[in-house]
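First residue of the sequence shown? That's 2 in our numbering, and the numbers climb one at a time after it.
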Amino acid sequence: MPNTGSNMAQSAIKKVFSSFDNVANQYRKALDSYLQKNPNVDDSQINTVIDMMGSFRDIAEQLALHPFRVAHTDVELIKNHAKLIGATANRLVGKMADPIVVPEKGDHRFGDEDWSDNMVFDYIKQAYLLNSNALMELVDSLEDSNTHTHDQFMFYSRQIVNALSPSNFPLTNPEVLKKTLSSGGVNLIDGFKQFVDDYKKNPGMFNVSMTDFTAFSVGKNVATTPGKVVFQNEMMQLIQYQPTTEKVNKTPLLIIPPWINKYYILDLKEKNSLIKWLVDQGNTVFIISWVNPGPSYRDTGFEDYMTQGPLAALDAIEKATGESEVNAIGYCVGGTLLASTLAWLTAKRKKRIKSATYLTTLIDFSDPGGIGVFINDNSITNIEKRLDKVGYYDGRAMAFSFNMLRENDLFWSFVIKNYLKGEKPAPFDLLYWNSDGTNLPAKMHGYYLRNMYLENNLVKPGGIELEGVKIDISKIKTPAYFLSTVQDHIAKWKTTYKGALLHSGDVKFVLSGSGHIAGVVNPPAQEKYGYWTNSDLPEESDLWFKAAQKHSGSWWNDWKEWSEQFAGEKVEPRIPGDRELNVIEDAPGSYVKLRIADAIKN
2 MPNTGSNMAQ SAIKKVFSSF DNVANQYRKA LDSYLQKNPN VDDSQINTVI
52 DMMGSFRDIA EQLALHPFRV AHTDVELIKN HAKLIGATAN RLVGKMADPI
102 VVPEKGDHRF GDEDWSDNMV FDYIKQAYLL NSNALMELVD SLEDSNTHTH
152 DQFMFYSRQI VNALSPSNFP LTNPEVLKKT LSSGGVNLID GFKQFVDDYK
202 KNPGMFNVSM TDFTAFSVGK NVATTPGKVV FQNEMMQLIQ YQPTTEKVNK
252 TPLLIIPPWI NKYYILDLKE KNSLIKWLVD QGNTVFIISW VNPGPSYRDT
302 GFEDYMTQGP LAALDAIEKA TGESEVNAIG YCVGGTLLAS TLAWLTAKRK
352 KRIKSATYLT TLIDFSDPGG IGVFINDNSI TNIEKRLDKV GYYDGRAMAF
402 SFNMLRENDL FWSFVIKNYL KGEKPAPFDL LYWNSDGTNL PAKMHGYYLR
452 NMYLENNLVK PGGIELEGVK IDISKIKTPA YFLSTVQDHI AKWKTTYKGA
502 LLHSGDVKFV LSGSGHIAGV VNPPAQEKYG YWTNSDLPEE SDLWFKAAQK
552 HSGSWWNDWK EWSEQFAGEK VEPRIPGDRE LNVIEDAPGS YVKLRIADAI
602 KN
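As structure tokens, this is what we get:
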């Protein structure tokens, strides 16, 4: 017999939330109107707030529809708090007591010894962990939603939970409290000054400082591998690096880095520079250094990045070396562009690339990683409105979004260090690069978000048209090496694996330890992380991993062994400017030195 009472209750709850939704929509409109009048707030930020409000409303409705699930969580939470009170009472009378809950591995918020040794702070820590774990498990149990909605539930709930961590407040963080008492509060005064300085730097897109910007200078102590700019156009400068070996491989090597960041992540310093290492292996290395666009680039599209990026570079490299074919490496979105370019060349029956290496590259965007929580039709529509208004997407907004995917490590830890402890950010070249982003042209960014992330058109035969040519990734027969990383939260390895399956030619898939940056920039001398290989390429990524062999050290040497078959014979080294291309300026060139704030003025 149907449970009419339950159905009536659910119907009543839905009616109540329908009314709440109407009220919430009015508040959203009011908030939207207010924020639209603030010149320091853009539509993407407005949309994030609205998305978050919508997610919390949906969570509340789901919880109201499952009262027994909530009640069960409450009962278990009360039991655990009772255990915690008992354990704390035992400690008060001098007895030993095991913790009821401990931080997850890798959670550095509670590393100070007082979080465990001091009973008060230990109680605060464990009470917070019990509450936050219970809430996140409850939200995770809301299965009555699609995957994207569920991911949003988890993301926005996690933001609130982590924002409320006792480590983020002066009176409940033992390290901060000790420093406040010992300094007479000077740390909080210094911290507030740093907060004001950070706000003045980015009034509309607040980002906490992560490093001492005065400690680094592009071309002086980062991006220092010797080379020359031998070609440039409106989109990029092409750098040719000075050879370091008596002979070089005949086939040149072209690196296509992402344009959402600057290329020198591959050339931070000599001991971990992939560029320097590639040169030292006897390669004639060229790299694209993308322009940092401002409003004047509003009509620059994705196909412009192809024609004035890798295609222009191929022609320039032929003039510089006499070689019509190259081996190509694409990193992140640079790899997506490499795949698109290869598909275009295939459709045009042009053979310009001997082999392709994809570093942490999405070609199939069916599961785009953490950034997917920001991707939906409504959010992209609002971003497009902003793009149409100003002509570019501010790279600082992009950086903030990526930082919030690892908010405890890349946001709150710096809030505590800079603003609560009053400490100056330490010099760190990786974080300097991370804060030295680029803007994105309006047309290209809107196109990329909608066609790649939202509609996943690149995997569809003819789904993307470039320069009047419908491309098909599955037609690519160029030998390919796919390098992904096991902890990558930006280009998840199981999704990049799907891209590897799309190619028709010989494909080698390799999985490195660590994440999107450290797993790629991992020189052999460090002997870190390791990597997995499997000569087979089954349809399921789990099957690939199950049969994969683990190796110690860096994938760089594995790539070198694979790439030698495409390197060609040994020839005399090419000196930048010794053939048809003249030297324009020394590496790293001028494009890479243009910062976001200055680019916006152009």
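Positions of the beta carbon are idealized from the N, C-alpha and C atoms, including for glycine.
The model shown is predicted, which means the values in this text are computed figures rather than measured ones.
- By a beta-carbon distance limit of 8 Å, residue 512 contacts residue 487. Their separation comes to about 6 Å.
- Taking C-beta atoms under 8 Å as the contact rule, residue 577 and residue 228 qualify, at a distance of about 6 Å.
- Shown here, residue 345 sits in a helix according to DSSP, grouped into three states.
- Counted as a single uninterrupted DSSP element, the stretch harbouring residue 201 is not any beta strand (DSSP E) but the alpha helix (DSSP H) occupying residues 187–202.
- Under the Cβ criterion (8 Å, minimum of three pairs), the region 235–243 does not count as touching the region 441–457.
- In this structure, residue 360 keeps its C-beta atom at 8 Å or more from the C-beta atom of residue 323.
- Annotation for residue 403: the continuous alpha helix (DSSP H) segment containing it runs 396–404.
- Here residue 307 is buried, its C-beta having at least 16 other C-beta atoms within 10 Å.
- In the DSSP assignment, residue 571 is bridged to 250.
- Note on geometry: alpha-carbon atoms of residue 65 and residue 138 lie some 16 Å from one another.
- In the three-state reduction of the DSSP assignment, residue 408 falls in the helix class, which pools H, G and I.
- With 16 or more other CB atoms across the displayed protein chains lying within 10 angstroms of its CB, residue 508 is buried.
- The residues 301, 302, 303, 305 and 306, in chain order, have a CB closer than 8 Å to that of residue 445 in the same chain once the five nearest residues on each side in sequence are set aside.
- Within the same chain, Cβ atoms closer than 8 Å to the Cβ of residue 116 are found at 122, 123, 126 and 175, the five residues on either side in sequence being excluded.
- Its chain contains 175 and 176 as the residues whose beta carbon lies nearer than 7 Å to that of residue 113, once the 5 sequence neighbours on both sides are disregarded; these appear in chain order.
- In this structure, DSSP gives residue 228 an extended state, which the three-state scheme calls strand.
- Taken in chain order, the whole alpha helix (DSSP H) runs of length 4 or more contained in the region 487–564 are 494–503, 542–548 and 556–564.
- Going by C-alpha positions, residue 163 is about 16 Å away from residue 106.
- About 10 Å separates the beta carbon of residue 517 from that of residue 406, a gap too long to meet the 8 Å contact definition.
- The Cβ atoms of residue 502 and residue 540 lie closer than 8 Å to each other.
- Rounded to the nearest whole angstrom, the C-alpha separation of residue 571 and residue 564 is 14 Å.
- With contacts defined by Cβ atoms closer than 8 Å, residue 558 and residue 549 do not form a contacting pair.
- Residue 98 and residue 119 have their C-alpha atoms roughly 13 Å apart.
- Residue 200 and residue 252 have their C-alpha atoms spaced approximately 49 Å apart.
- Around the Cβ of residue 506, a 10 Å sphere holds fewer than 16 other Cβ atoms; the residue is exposed.
- Between residue 283 and residue 249 a beta carbon distance of about 5 Å is seen, short of the 8 Å cut, so the two are scored as contacting.
- Here residue 425 is exposed: its Cβ has fewer than 16 other Cβ atoms, across all protein chains shown, within 10 Å.
- Excluding the 5 residues flanking it on each side, residue 165 has no same chain C-beta neighbour closer than 6 Å.
- The beta carbon of residue 416 sits closer than 7 Å to those of 169 and 209, all from its chain and outside the five residues before and after it, given in chain order.
- Residue 331 has 257 and 359 as its beta-bridge partners, per DSSP.
- The beta carbons of residue 258 and residue 393 sit about 19 Å from each other, so the pair does not count as a contact at 8 Å.
- No residue range can be given for residue 421, since it is assigned to no alpha helix (DSSP H) and is classified by DSSP as neither H nor E.
- Counting the other CB atoms within 10 Å of its CB gives residue 317 a total of 16 or more, which places it among the buried residues.
- Counting the other Cβ atoms within 10 Å of the Cβ of residue 94 gives fewer than 16, which makes it exposed.
- Around the beta carbon of residue 272, fewer than 16 other beta carbons lie within 10 angstroms, which makes this residue exposed.
- Within the model, the alpha-carbon separation for residue 438 versus residue 262 is close to 5 Å.
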